[in-house]
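Here the numbering used here runs 1433 ahead of the position in the sequence shown, where the first position is 1.
Each residue gets a CB set at the ideal place from its N, CA and C atoms; glycine is no exception.
On a predicted model such as this, the values are computed, not experimentally measured, just so you know.
Below is one structure; the comments refer to it alone.
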Amino acid sequence: ASAGRDLTVQAGRDISVIASQIDAKRDIAMAATENLTISSAADEEHSLSKSKKLTRQEDHVSQIAADLDAGGSVALQAGQNLAVISSRITAGKEAYLVAGENLDILAAQDSDYSLYDKKKKGSFGAKKTKRDEITDVKNISSEITTGGDLLLSSGGDQKYQVAKLESGKDLTIESG
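Pasting the structure below:
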């Protein structure tokens, strides 16, 4: 979604922004009476090839981030829980993330798995096996960047996983 000036979203219950891009020339404001979630989505790719002697398997998961970009300010408010998961929030001015209960800035994972398993008979009936198995998991951080102040406030707990917080002015974290 793109707005020439301001973008305002209000919900009587929940707001979810999943793997979406939202741009506003000026301000972005979202208010939910219950939960507000800004989250990535997993793009998955799987393949399996199997015969009597050879097995090949590939599994890949990549996070597609949600991206909020405002030339002005970003104000996100949840009456209950507010979560940002492997996503980016950028404000030219200030950003306010306020939760009545819990505030979570979390990471989801990219993962790559490959398996190569080959069996063959050697001399005198001996069996030979070659097996390569590789797993790679990487945390994909959430990033909040502001030109002005950054306020993260909650009435309850706050949790941060691999979070990148960058404020042009003051960075304030308040937890009730």
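Assigned secondary structure, residue i (DSSP; H/G/I helix, E/B strand, else coil)
i            : result
serine 1556  : helix
alanine 1435 : The amino acid at residue 1435 is misidentified as alanine; the sequence shows serine. The answer is strand: DSSP assigns serine 1435 an E or B state.
lysine 1551  : strand
Endpoints, the beta strand (DSSP E) within which residue i is located
i              : result
threonine 1466 : Neither: threonine 1466 is in no beta strand (DSSP E) and is coded neither H nor E.
valine 1442    : 1440-1444
serine 1453    : Element bounds for serine 1453: n/a, residue is neither H nor E.
serine 1608    : 1604-1608
glutamine 1591 : 1591-1593
Residue i to residue j span [Cα, whole Å]
i              : j               : result
lysine 1421    : glycine 1505    : This structure cannot settle anything about residue 1421, because the visible part of the chain is limited to 1434 through 1609.
serine 1587    : alanine 1436    : 28 Å
arginine 1459  : threonine 1578  : 15 Å
arginine 1489  : glutamate 1467  : 46 Å
aspartate 1537 : aspartate 1447  : 16 Å
glycine 1581   : glutamine 1443  : 24 Å
aspartate 1550 : isoleucine 1573 : 30 Å
serine 1472    : serine 1453     : 9 Å
Contacting residues, own chain, Cβ-Cβ under 8 Å from residue i (five flanking each side not counted)
i              : result
aspartate 1476 : Val1494, Ser1495, Gln1496, Ile1497
Contact set for residue i: own chain, Cβ-Cβ below 7 Å, skip 5 residues either direction
i            : result
alanine 1596 : Ile1538, Ser1574, Ser1575
**Message:** As an exercise, report each continuous beta strand (DSSP E) stretch of at least 3 residues that is fully enclosed by the region 1469-1549, in chain order.
**Reply:** Complete beta strand (DSSP E) runs here, min 3: 1469-1472, 1474-1483, 1487-1497, 1500-1503, 1507-1511, 1515-1518, 1521-1524, 1528-1532, 1536-1539.
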